[in-house]
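>
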Amino acid sequence: MGVSNNPPVWLSSIATQVESRLSEFLQYEQDRWSGIDDDLGIPLGELTRLVDAGGKRLRPAFCYLAFVGAGGDANARDLLDTQAAIELLHASALLHDDIIDGSSTRRGEPTSHMRYITKHNDSKWAGEARRFGEGAVILIGDLAFVYADQLMTGVNSITAKV
C-alpha cells in the first residue's frame with residue numbers, strides 16, 4: 000500500500016478556509032493602499048504571490064488541533080484569524096530567510112528579492128539592484144509581520160494563549 004499525496008478532507012478544509020481569509024485580508028489591504036497610489040499596492044502583490052504559492056498549510060492545522068483540543072470552538076473567527084496570522088508570520092520569515100541565505104529560488108520560482116532585482120535591472124534604474132531587491136523584500140517581510148500582529152489584535156486573550 001503506497002502513501003497517498005492527497006491530504007485528508009479535514010486538512011484540505013482548514014487550508015481552504017485559511018487561504019480564503021488570507022485572500023480577503025490581503026485584497027482589502029491591496030485595495031486600501033492602491034487607492035492612495037497604485038505603486039503602493041505593488042509590495043502587497045508580491046506578498047500575496049508568496050502566500051498564494053501554497054504549501055500544505057500544516058501550521059494552521061496544528062493551530063486548529065491545539066485550539067480545538069484545548070476546548071475551543073472549531074468555528075470561532077478568532078481561530079481563523081490566528082491561523083492566518085501564523086501563515087503571515089511564516090511568510091515574513093521566508094522572505095527574510097531567502098535574503099539571509101542568498102537563495103535565488105523557492106519552489107522552483109525566483110525568490111521575491113530576485114524578482115525585485117530583475118525589475119530594477121529591467122527598468123534600468125540607478126543604484127545597486129541587489130540592494131534595491133533585498134531592501135524592498137525586507138520591508139515586505141516586515142509588513143507581513145505587522146499584518147500577522149494586526150490579525151492577532153482582535154483575538155481574545157484565551158485564543159491567543161492557546
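Letter by letter, the sequence shown follows residues 0 to 161 of numbering that gives the first Met the number 0. A virtual CB, placed ideally from N, CA and C, is assigned to each residue, including glycine.
#1: If you compare alpha carbons, which of D37, S33 and A92 is closest to V50?
#2: Could you spell out the range, first to last residue, of the alpha helix (DSSP H) harbouring A92?
#3: Using a threshold of 8 Å, state whether the C-beta atoms of V154 and T81 are closer than that.
#4: Can you give me the Cβ contacts of S33 inside the same chain, cut-off strictly under 6 Å, excluding the 5 residues immediately before and after it?
#5: Given a cut-off of 8 Å on the beta-carbon distance, is the pair A147 and Y115 in contact?
#6: Going by alpha carbons, who is nearest to Q149 out of T158, F24 and T110?
#7: In angstroms, rounded to a whole number, what distance separates the CA positions of G68 and F61?
#8: Less than 8 Å between the beta carbons of T110 and T117, yes or no?
#9: Please list, in chain order, all residues of the same chain as M113 whose beta carbon is under 7 Å from its beta carbon, the five residues on each side excluded.
#10: Out of W124, P42, E45 and L21, which has the shortest C-alpha to C-alpha gap to P59?
#11: So, helix, strand or coil for R129, using DSSP?
#12: When burial is assigned at 16 or more other CB atoms within 10 Å of the CB, is T15 buried or exposed?
#13: Across which residues does DSSP place P109 in a beta bridge pair?
#14: L78 and G71 - do their beta-carbons sit closer together than 8 Å?
#15: Just reading off the alpha helix (DSSP H) that G34 is part of, what are its end residues?
Quick look at the numbers:
#1: Checking every option, the nearest Cα to that of V50 belongs to A92.
#2: Here the alpha helix (DSSP H) through A92 covers R76 to D100.
#3: Contact flag set, yes.
#4: Here the set comprises G40.
#5: Contact check for A147 against Y115 fails: the beta carbons are separated by 8 Å or more.
#6: For Q149, the nearest C-alpha among the options comes from F24.
#7: The C-alpha of G68 lies about 10 Å from the C-alpha of F61.
#8: Against a cut-off of 8 Å, the Cβ pair of T117 and T110 comes out as no contact.
#9: Cβ within range, chain order: S103 and G132.
#10: Among W124, P42, E45 and L21, the Cα nearest to that of P59 belongs to L21.
#11: Helix at R129.
#12: Exposed, because fewer than 16 other Cβ atoms sit within 10 Å of the Cβ of T15.
#13: Answer is T104.
#14: Yes, the Cβ-Cβ distance between G71 and L78 is below 8 Å.
#15: Segment V8 to I35, the alpha helix (DSSP H) holding G34.
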